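A.B. asks:
Protein chains in written order, with our numbering: chain B, 1013 to 1321; chain U, 1224 to 1532.
(1) Find out if the Cβ-Cβ distance for the pair residue 1311 of chain U, residue 1264 of chain U is shorter than 8 Å.
(2) What did DSSP end up calling residue 1052 of chain B once you bin it into helix, strand or coil?
(3) Quick one: list the residues of chain B neighbouring residue 1346 of chain U, beta-carbon separation under 9 Å, in chain order.
(4) Could you tell me which residues DSSP pairs with residue 1110 of chain B in its beta bridges?
(5) With DSSP as the reference, identify every bridge partner of residue 1256 of chain B, one or two as the case may be.
(6) Assign residue 1043 of chain B to one of two classes, buried (16 or more other C-beta atoms within 10 Å of its C-beta) or exposed (fewer than that).
(7) Please identify, using Cβ separations under 8 Å, the residues of the segment 1265 to 1279 of chain U that lie next to chain B, in order along the chain.
(8) Closest Cβ-Cβ distance between residue 1239 of chain U and chain B: below 8 Å?
(9) My output table needs one value for residue 1323 of chain U: the three-state DSSP class, helix, strand or coil.
(10) Between the alpha carbons of residue 1149 of chain B and residue 1289 of chain U, how many angstroms are there, rounded?
(11) Does residue 1411 of chain U come out as helix, strand or coil in the three-state DSSP assignment?
(12) If the cut-off is 7 Å on Cβ atoms, which residues from the segment 1456 to 1470 of chain U count as contacting chain B, listed in chain order?
(13) Identify the contact partners of residue 1325 of chain U in chain B, using a Cβ-Cβ distance below 9 Å as the criterion.
(14) Would you please verify whether the beta carbon of residue 1254 of chain U is less than 8 Å from any beta carbon of chain B?
(15) Here's the rule: buried if 16 or more other CB atoms are within 10 angstroms of the residue's CB, otherwise exposed. What is residue 1315 of chain U?
(16) Listing by chain order, which chain U residues have their CB less than 8 Å from the CB of residue 1199 of chain B?
(17) Within 10 angstroms of its Cβ, does residue 1430 of chain U collect 16 or more other Cβ (buried), or is it exposed?
(18) By how many angstroms is the C-alpha of residue 1280 of chain U removed from the C-alpha of residue 1435 of chain U?
(19) Pick out whichever of U/1490, U/1324 and U/1416 has its Cα sitting closest to the Cα of residue 1511 of chain U.
(20) Checking the sheet assignment: what are the DSSP bridge partners for residue 1101 of chain B?
(21) How many Å lie between residue 1240 of chain B and residue 1273 of chain B at the Cα?
(22) Comparing alpha-carbon positions, which option in B/1320, B/1078, B/1209 and B/1306 lies nearest residue 1057 of chain B?
(23) So which residues on chain B does residue 1443 of chain U lean against when the C-beta distance must stay under 8 Å?
(24) Could you check whether residue 1158 of chain B and residue 1292 of chain U sit closer than 8 Å to each other, using their CB atoms as the reference points?
(25) What residues match up with residue 1229 of chain B in a beta bridge as DSSP calls it?
(26) Using a cut-off of 7 Å between C-beta atoms, extract the partners of residue 1436 of chain U located in chain B.
(27) Please report the straight-line C-alpha distance between residue 1242 of chain B and residue 1067 of chain B, rounded to a whole angstrom.
(28) If we count the other Cβ atoms within 10 Å of its Cβ and call it buried at 16 or more, is residue 1052 of chain B buried or exposed?
(29) Is residue 1335 of chain U helix, strand or coil when you go by DSSP?
(30) Compile a chain-ordered list of the residues in the segment 1501 to 1517 of chain U whose CB is closer than 8 Å to at least one CB of chain B.
(31) Could you list which residues in chain B have their beta carbon closer than 8 Å to that of residue 1333 of chain U, in chain order?
(32) Would you please state the rounded distance, in angstroms, between the beta carbons of residue 1194 of chain U and residue 1399 of chain U? I believe it to be under 8 Å.
(33) Name the residue from B/1279, B/1100, B/1254 and B/1089 whose alpha carbon lies nearest to the alpha carbon of residue 1077 of chain B.
(34) When Cβ atoms are compared, which residues of the segment 1287 to 1304 of chain B fall closer than 8 Å to chain U?
(35) Measuring alpha carbon to alpha carbon, tell me which residue in B/1109, B/1061 and B/1110 is nearest residue 1255 of chain B.
Here it is in structure tokens:
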């Protein structure tokens, strides 16, 4: 399918005016430098994913693939519970994770009423639909040297595929391992938060397809309010370990426009326990880099002045 | 048996899982960018090109009577090295035909953007200095213009040397994100390599005064370079301890020590052409090895290494 898509995209489009080789080349050279008018800012939107109601149906994965016309990745049996998707990639922008937490002493025994929360924790499934976090100060956005990665009018992190040249700086920068460079075309891709649907007033395909309302879409402020109420509710219902991940900034990372309600440590879900924005080190790294060079130049100058005739 | 419940022989059986990995706690969170050996060569050639230019320019401006002749050869050599380096950078892109997209924006917060602009601006005075140097050798001397080009190249040349370490340390990759002294080491190493190359050129051209001064500078810079190198390896020690056995670490350390001590010993012992050539070859091999070792970190799985390199 991938090769077929490549074939199709290479065909001349009926809407394209016929162009000679020279104008084609000129177009390729000039086109990226043409900057359009930025759209008017809209209310920031995002996702709030309540993992406690996720049933692992993967409808979100399917809806994402279908709407965004993403090719199949084949079928690989991972041996990791029901997770045969394995990871987010350039062609998989939603990934449902499965975590089996069952006591080895009594495998498969469901937790009965009245058991302590510790015992309950040993006998449960955790499921989580993972995707791009749409960080407010996104390292991928900061790293991108072409300006292909932008924050669009909804404050979502969006990759302009026609600008990306596949330098992979964004791949190296993302602390969540979201962005991947595609083997087909060589450009980076990730969740767009269904930018095209949002512009038409529709909710993202994954949120629309979610049968349990684990994936909530809407204005970020409203989602945060809703999520905090849900955490309080869970605490009152005897789930004291419920908390929000990414809803508020920390000392080392900005808030995320896609945040999660979790009931175990972030690393259990394959998320960094304390995400760190690499840009916090940049100024110091430049200082050390410049100091290293200046010290060498000073030594060279000193030797030349001391030994020259 | 119902038709649909029979084994579907027409379908290919999915491959069996290779490992029994469960959960996500021990899985790497970040994605490795497709930067391999080509980047180690890029880091080496970047240092060789910018270092040679800076060493030649600083020496020539400080003692023109001694270094002018060797500098006129050094600039064209630096240009050739830079062109090869730029070729590698373009080839490493996912879509090399879009290399010029790097120039559609300038982002001071993106080390790659700073580097691209520094290299682009640096290439102009370097080309002018190289061209005017060659013209001078042919008898068409435009001395003031050549010196002007050399002075104009100093700042972007330094920027081109200084950005590389920051680019490879300002990211979320395991090991790389902790390499606070990479920039300090790479910039210092660029000047060291530049001094070594200039020393070879002056020895080949039979310039005794320049050779004597550069030999002393080379010895001092070799010793000075041990400081940022040591600090870099102190940064990387926890990562190396996870990736390599103690024996493997000792072996790598011994190779690096040899790459410093042999050139140092040779230069202290004798300043003849053969000794200079061997010393510089050892230095360049060591410099490449350190860069290769660094670039390899995110690609290295602890299990792979421990089970037999």
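Virtual Cβ for every residue (Gly too), placed ideally from N, Cα, C.
What you are looking at is a predicted structure, and each value in this text was computed from that prediction instead of being measured.
C.D. replies: Taking the geometry as given:
(1) Numbered from 1 along the second chain, position 88 holds the residue referred to as residue 1311 of chain U. Numbered from 1 along the second chain, position 41 holds the residue referred to as residue 1264 of chain U. In this structure, residue 1264 of chain U lies closer than 8 Å to residue 1311 of chain U by Cβ.
(2) Sequence index remark: in the first chain, residue 1052 of chain B carries index 40 (1-based). Correct three-state label for residue 1052 of chain B: coil.
(3) Counting from one through the second chain, the residue named residue 1346 of chain U turns up at place 123. Neighbours of residue 1346 of chain U on chain B: none; closest Cβ ~17 Å, over 9 Å.
(4) The residue you call residue 1110 of chain B lines up with position 98 of the first chain. Looking at the DSSP assignment, residue 1110 of chain B forms a beta bridge with B/1139.
(5) As a working note, residue 1256 of chain B is residue 244 in the first chain. According to DSSP, residue 1256 of chain B bridges with B/1273.
(6) The residue given as residue 1043 of chain B occupies position 31 in the first chain. So residue 1043 of chain B counts as exposed.
(7) 1277 and 1278
(8) Looking up residue 1239 of chain U in the second chain gives position 16. Since pLDDT at residue 1239 of chain U reaches only 46, below the 50 mark, its modelled position is unreliable, and the value read off the structure follows with that caveat. Judged by the 8 Å Cβ criterion, residue 1239 of chain U is in contact with chain B.
(9) Here residue 1323 of chain U refers to the residue found at position 100 of the second chain. Helix, per DSSP.
(10) Here residue 1149 of chain B refers to the residue found at position 137 when the first chain is read from its first residue. Here residue 1289 of chain U refers to the residue found at position 66 when the second chain is read from its first residue. When rounded, the distance between both Cα atoms is 52 Å.
(11) Taking the second chain and counting its residues from 1, one reaches residue 1411 of chain U at position 188. Correct three-state label for residue 1411 of chain U: helix.
(12) none
(13) Locating residue 1325 of chain U in the second chain gives position 102, where the first residue counts as 1. Those are 1157, 1158, 1177 and 1179, listed as they occur along chain B.
(14) Your numbering for residue 1254 of chain U matches position 31 in the second chain. Answer yes: the Cβ-Cβ gap between residue 1254 of chain U and chain B drops below 8 Å somewhere.
(15) Start at 1 with the first residue of the second chain, and residue 1315 of chain U comes out as number 92. Classification for residue 1315 of chain U: buried.
(16) Locating residue 1199 of chain B in the first chain gives position 187, where the first residue counts as 1. The contacting residues are 1317 and 1318.
(17) Against the second chain, residue 1430 of chain U aligns to sequence position 207. The residue in question, residue 1430 of chain U, is buried, as its Cβ has 16 or more Cβ neighbours within 10 Å.
(18) What you label residue 1435 of chain U is simply residue 212 of the second chain in a count that begins at 1. What you label residue 1280 of chain U is simply residue 57 of the second chain in a count that begins at 1. The alpha-carbon atoms of residue 1435 of chain U and residue 1280 of chain U are separated by roughly 18 Å.
(19) Taking the second chain and counting its residues from 1, one reaches residue 1511 of chain U at position 288. The residue with the shortest Cα to Cα distance from residue 1511 of chain U is U/1416.
(20) On the first chain, residue 1101 of chain B is found 89 positions in, with the first residue counted as 1. For residue 1101 of chain B, which the question treats as bridged, DSSP gives the partners B/1104.
(21) On the first chain, residue 1240 of chain B is found 228 positions in, with the first residue counted as 1. On the first chain, residue 1273 of chain B is found 261 positions in, with the first residue counted as 1. Computed Cα separation, rounded: 9 Å.
(22) As a first step, residue 1057 of chain B is located in the first chain; it is residue number 45 there, counting from the start. For the residues B/1320, B/1078, B/1209 and B/1306, the minimum Cα distance to residue 1057 of chain B belongs to B/1209.
(23) As a working note, residue 1443 of chain U is residue 220 in the second chain. Those within 8 Å of residue 1443 of chain U in chain B are 1311 and 1315.
(24) Counting from one through the second chain, the residue named residue 1292 of chain U turns up at place 69. Counting from one through the first chain, the residue named residue 1158 of chain B turns up at place 146. No, the Cβ-Cβ distance between residue 1292 of chain U and residue 1158 of chain B is not below 8 Å.
(25) Along the first chain, read from residue 1 onward, the residue named residue 1229 of chain B stands at position 217. Paired residues: B/1059.
(26) Numbered from its first residue, the second chain carries residue 1436 of chain U at position 213. Going along chain B in sequence order, the residues near residue 1436 of chain U (Cβ under 7 Å) are 1315, 1316, 1319 and 1320.
(27) By one-based count along the first chain, residue 1242 of chain B stands at place 230. By one-based count along the first chain, residue 1067 of chain B stands at place 55. Cα to Cα, the separation comes out at about 18 Å.
(28) Residue mapping note: residue 1052 of chain B aligns to position 40 of the first chain, counting from 1. Result: exposed.
(29) The residue you call residue 1335 of chain U lines up with position 112 of the second chain. Of the three classes helix, strand and coil, the one that applies to residue 1335 of chain U here is helix, per DSSP.
(30) none
(31) Indexing the second chain from 1 puts residue 1333 of chain U at position 110. Within 8 Å Cβ-Cβ: 1154, 1155, 1156, 1157 and 1181.
(32) Given that chain U is displayed from residue 1224 to residue 1532, the structure contains no residue 1194 of chain U and the question cannot be resolved.
(33) For the purposes of this step, residue 1077 of chain B is taken as residue 65 along the first chain, with counting starting at 1. Minimum Cα distance to residue 1077 of chain B is reached at B/1100.
(34) 1288, 1290, 1291, 1293, 1294, 1296, 1297, 1298, 1300, 1301, 1302, 1303 and 1304
(35) Within the first chain, the letter at position 243 stands for residue 1255 of chain B. Of the candidates B/1109, B/1061 and B/1110, the one whose C-alpha sits nearest the C-alpha of residue 1255 of chain B is B/1061.
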